[in-house]
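Here's the structure we're looking at; comments come further down.
Residue numbers (our numbering): 77 to 444.
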């Protein structure tokens with residue numbers, strides 16, 4: 077299998093994919109990781125680190141074509157069971173916006189899977205400041221992320237439209253490397269989008285703890301696309317609160333460091349954050365086999381059924397996905413829930429027992 081992985085520079089894919097490869101090796105998979113940028117620097121040792129995008133476009137494209145020629149040769153030799161190609165779909169630099177791939181060579185490579193890695197604006201901002209010194213605004217990061225995702229999808233459609241395309245978040249508190257492994261090497265495992273209230277339950281410790289237990293339990297049974305792996309909806313809230321107090325910056329803890337974001341800049345990207353959450357969550361549903369919606373009970377006894385969760389349930393139903401609801405409140409669910417759900421559970425334990433029995437995955441490695 078040949079897997080093409082894209083994503084912005086600040087996503088920091090190389091160590092993430094190294095973790096994926098280590099996991100694969102431990103589980104008996106033979107995987108070759110080809111880091112295109114690293115290979116380009118190796119081919120042109122006279123280029124100083126971090127300066128490759130400063131060279132002429134003609135030389136840059138020539139270097140990339142030479143590296144991909146080598147990768148294609150390795151793929152054709154079939155010396156490795158799997159190859160992961162770590163690259164980019166687009167670049168933005170002093171030359172402006174330009175493609176980071178060649179359709180002709182990509183068709184020669186003929187990938188079996190395309191994955192676009194995404195991450196939140198705070199970790200992207202921190203990594204770019206800390207490691208790459210790329211001048212940018214928060215609006216730039218939002219736009220670049222959207223461009224990279226769209227360009228990767230166009231790459232897939234123009235290369236091998238039959239190959240699956242996935243958007244995968246890098247992960248906020250924990251890495252999604254296990255999810256990547258399952259998507260890439262365990263395609264028979266059923267995929268689920270996890271739906272649950274987020275901003276609706278902010279500050280409710282017990283409710284949030286129940287949601288965390290649900291998320292963890294689901295990931296032991298299914299391949300899960302979790303919207304909390306890329307969460308930015310709180311940023312405009314913090315910015316509005318800071319502005320009301322006359323603060324020009326908000327302080328955030330990101331990747332173990334403290335960063336400061338301009339309040340006005342964050343408020344400026346609020347419409348972009350909202351629109352990308354809307355589009356990305358629907359895309360995650362579309363790339364899943366099912367949706368599992370966890371509806372906890374609020375402290376006052378009402379169901380924590382946010383408008384976002386309702387819209388996700390409706391979208392999944394219209395997309396002909398399996399719709400499962402874990403309904404925790406003592407009140408009965410409305411007809412708008414019961415008429416779209418394939419099955420309703422009253423406890424997470426009941427749901428996980430059902431999923432374990434119905435969707436149990438057995439690795440083909442067990443039978444080799």
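Idealized CB from N, CA, C, for every residue including glycine.
Which of helix, strand or coil DSSP assigns to residue i
i: residue 172; result: strand
i: residue 87; result: helix
i: residue 162; result: strand
i: residue 444; result: Model confidence at residue 444 stands at a pLDDT of 37, short of 50, so the residue's coordinates are unreliable; what they give is reported in the following sentence. Looking at residue 444 - three-state DSSP - the assignment turns out to be coil, as it is neither helix nor strand.
i: residue 214; result: helix
i: residue 310; result: helix
i: residue 111; result: strand
i: residue 431; result: helix
i: residue 177; result: coil
i: residue 101; result: helix
i: residue 298; result: coil
i: residue 77; result: coil
i: residue 400; result: strand
i: residue 409; result: coil
i: residue 437; result: coil
i: residue 153; result: helix
Option nearest residue i by Cα separation, candidates the options
i: residue 291; options: 384, 370, 386, 416; result: 370
i: residue 198; options: 159, 402, 338, 135; result: 338
i: residue 377; options: 368, 405, 432; result: 405
i: residue 126; options: 133, 114, 137, 135; result: 114
i: residue 362; options: 278, 255, 243, 381; result: 243
i: residue 19; options: 162, 342, 101, 91; result: In the structure as shown, the chain starts at 77 and stops at 444, and residue 19 therefore has no counterpart that could be examined.
i: residue 218; options: 352, 156, 368, 144; result: 352
i: residue 334; options: 80, 201, 136, 89; result: 201
i: residue 274; options: 287, 300, 394; result: 287
i: residue 258; options: 420, 103, 429, 153; result: 103
i: residue 173; options: 195, 203, 123, 227; result: 227
i: residue 364; options: 312, 300, 320; result: 300
i: residue 87; options: 434, 195, 411; result: 195
i: residue 84; options: 168, 211, 124, 121; result: 168
i: residue 175; options: 230, 95, 345; result: 230
i: residue 99; options: 256, 129, 131; result: 256
i: residue 260; options: 158, 283, 281; result: 158
Strand pairing of residue i, partner residues [DSSP]
i: residue 329; result: 334
i: residue 394; result: DSSP output for residue 394 lists no bridge partner at all.
i: residue 373; result: 379
i: residue 34; result: With the chain covering only 77 through 444, there is no way to say anything about residue 34.
i: residue 267; result: 299
i: residue 191; result: 81, 242
i: residue 167; result: 174
i: residue 421; result: 402
i: residue 368; result: 270, 400
Nearest-angstrom Cβ-Cβ length linking residue i and residue j, presumed shorter than 8 angstroms
i: residue 416; j: residue 390; result: 7 angstroms
i: residue 238; j: residue 192; result: Incorrect: roughly 17 angstroms between the Cβ atoms, too far for contact.
i: residue 437; j: residue 265; result: 4 angstroms
i: residue 82; j: residue 164; result: 6 angstroms
i: residue 420; j: residue 409; result: 7 angstroms
i: residue 147; j: residue 185; result: 7 angstroms
i: residue 367; j: residue 396; result: Rounded, the Cβ-Cβ distance is 11 angstroms, inconsistent with contact.
> Taking one C-beta from the stretch 295-307 and one from the stretch 248-263 each time, how about it: are there three or more such pairs within less than 8 angstroms?
Replying inline: yes
(message) For the pair the stretch 107-125 and the stretch 263-276, tell me if three or more CB-CB distances fall below 8 angstroms.
(response) no
**Prompt:** Is the stretch 138-148 touching the stretch 181-188 in the sense that three or more CB pairs, one from each, lie closer than 8 angstroms?
**Reply:** yes
Is there contact between the stretch 381-388 and the stretch 417-425, where contact requires at least three CB pairs shorter than 8 angstroms?
-> no
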